[in-house]
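Position in the sequence shown (from 1) plus 482 gives the number in the numbering used here.
Virtual Cβ for every residue (Gly too), placed ideally from N, Cα, C.
These numbers were taken from a predicted model, which means no experiment stands behind them.
Below: the structure, in structure tokens.
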Amino acid sequence: MLRLFVALDLTDEVRQRLAGLAGGVPGARWTGLESMHLTLRFIGEVPEDQAMDIDAALAEIRAPAFTLTFDGVGMFGSGRRARVLWAGVERNEALAHLQAKVESALVRCGLPAEERKFSPHITLARLKDAPADRIGRFLSDRGLFRAGPMPVDHVTLYRSHLGNGGAVYEALREYPLENGA
Ligand code: 2AM
């Protein structure tokens, strides 16, 4: 079985800017530069033959390249159940269009449709018992964060290797987007 997800890679410049947001929250495990990405669709564990179908279906997607602007920070969960600190992206039709194409390609491969609404984000930290006041300060201090525009010219199929030190992500294949020129 392979644990897969589809994501957008970030440029080194954007990774550096996002890494610069880290700090100031006890109980936060910050995402390493090398692990930062924007998930389009988490697939989960699939057998190898289905992974090959997924690869073929992703290779057939035709969608235009675009740019992405990063905007603000937020959190998933709340109070004692605060789970994740993230950086957001500006509303982006091309991103929504691409995500919908990825979703329908995967459903055609036999995966169950994603029930949750797509909420594009880059996970900055996972939280464990982080004090609410420090989370609050993080969110207000970083609220004006912006980065980009960053060109997006491919989609990546990732494999996730779960281990004691957290997941390690391996890029299996890149699928180019189409240039308008
Ligand atoms: P997250 O960063 O918000 O946790 C690899 O695990 C990627 O898939 C992560 O970016 C993760 O998003 C995303 N993902 C979405 N749903 C997931 C799930 N049910 N289990 C693990 N990862 C998931």
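Quick one: what's got a C-beta closer than 7 Å to residue i's C-beta in the same chain, skipping five residues either side?
i, result
"residue 685", "Only positions 483 to 663 of the chain appear in the structure, and residue 685 is not among them; the question remains open."
"residue 605", "513, 566, 568"
"residue 612", "507, 508, 509, 510, 564"
"residue 657", "540, 541, 543, 636, 637"
"residue 553", "570, 571, 572, 628"
For residue i, which residues of its own chain have a beta-carbon under 6 Å away from its beta-carbon, when the five flanking residues on both sides are left out?
i, result
"residue 601", "none"
"residue 548", "576, 634"
"residue 551", "572, 630, 631"
"residue 524", "487"
Starting from residue i and walking both ways along the beta strand (DSSP E), at which residues does that stretch end?
i, result
"residue 543", "No beta strand (DSSP E) holds residue 543; DSSP gives it neither H nor E."
"residue 571", "566–571"
"residue 609", "603–609"
"residue 510", "510–512"
Looking at the secondary structure, which residues open and close the alpha helix (DSSP H) in which residue i lies?
i, result
"residue 618", "614–623"
"residue 496", "494–501"
"residue 580", "575–590"
Per DSSP, which one or two residues make a beta bridge with residue i?
i, result
"residue 488", "523, 639"
"residue 656", "638"
Leaving out the 5 sequence neighbours to the left and right, which residues in its chain are closer than 8 Å to residue i when beta-carbon positions are compared?
i, result
"residue 555", "503, 567, 568, 569, 570, 606, 620, 621, 624, 625, 627"
"residue 649", "517, 642, 643"
Contact defined as beta carbons within less than 8 Å: I believe residue i pairs with residue j. What is the distance between those atoms, to the nearest angstrom?
i, j, result
"residue 639", "residue 655", "5 Å"
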